[in-house]
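Each step along the sequence shown adds one to the number in the working numbering, with nothing skipped, and position 98 is 116.
Some notes on the structure that comes next.
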Amino acid sequence: MITSHVLHEIEALTDNFLLICGGRLLASGTAAEVNQLLFETPSEVELTCDRPEYLGGVLLQQELVRSASVITRDGAEILILQTLNARELGTALPGIIADHSINVVRMTTVDESLQALFNSLMKIHRGEQ
Numbered sequence: 019m020i021t022s023h024v025l026h027e028i029e030a031l032t033d034n035f036l037l038i039c040g041g042r043l044l045a046s047g048t049a050a051e052v053n054q055l056l057f058e059t060p061s062e063v064e065l066t067c068d069r070p071e072y073l074g075g076v077l078l079q080q081e082l083v084r085s086a087s088v089i090t091r092d093g094a095e096i097l098i099l100q101t102l103n104a105r106e107l108g109t110a111l112p113g114i115i116a117d118h119s120i121n122v123v124r125m126t127t128v129d130e131s132l133q134a135l136f137n138s139l140m141k142i143h144r145g146e147q
């Protein structure tokens, strides 16, 4: 057993882990397995598309995201979404993109690290999500 607060070190050593806080088991398994458990919790998504402001507005109007903002990175406009429920967004997004003729170049989740996973679990544990 290894204990560490430096989560990127744990990720380098093993795929399986236990996350314990205050003597309570928050999660166990691989990062992918625990991420699957969190699929119905808020997360952050980045989209590179041709009309980011418009898409952000549609998603806000349909209450699929908590917030939407546009940043410029390397000359490209990127839509940053704070989801309310990643599963709902993932289910609805393809239809919205098709219905509004939006060209999506790239979509990624921002918070895939073990540290981000731990932070999400801690927020749930504290009742913040």
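Every residue, glycine too, gets a C-beta built ideally from N, C-alpha and C.
Helix, strand or coil at residue i [DSSP, three-state]
i	result
Leu82	coil
Leu99	strand
Gly47	strand
Ser119	coil
Glu64	strand
Whole-angstrom C-beta distance between residue j and residue i, which should lie under 8 Å
i	j	result
Thr101	Arg84	7 Å
Val88	Pro70	5 Å
Residues that residue i bridges to, as DSSP identifies them
i	result
Ile142	Answer is none; Ile142 lacks a bridge partner.
Asn34	Thr48
Thr109	In the DSSP output, where bridge partners are listed per residue, Thr109 has none listed.
Ala104	Beta-bridge pairing links Ala104 to no other residue.
Ile89	Ile96
Arg42	Cys39
Arg124	Thr66
Contact check, residue i vs residue j, beta carbons under 8 Å
i	j	result
His118	Val63	no
Leu107	Leu82	yes
Leu44	Leu37	yes
Thr127	Ser61	yes
Thr48	Asp33	yes
Val122	Ile115	yes
Leu78	Ile120	no
Best match in the options for proximity to residue i [C-alpha to C-alpha]
i	options	result
Gln4	Gly145, Thr109 and Arg42	A question about residue 4 goes unanswered here, because the residues of the chain that appear run from 19 up to 147.
Leu97	Ala104, Asn103, Ala86 and Arg105	Ala86
Ile142	Phe35, Glu27 and Cys39	Cys39
Ala50	Gly41, Phe35 and Arg42	Phe35
Heavy atom of the ligand HEM within 7 Å of residue i beta-carbon
i	result
Ser87	With respect to the ligand HEM, the structure offers nothing, as it holds no ligand at all.
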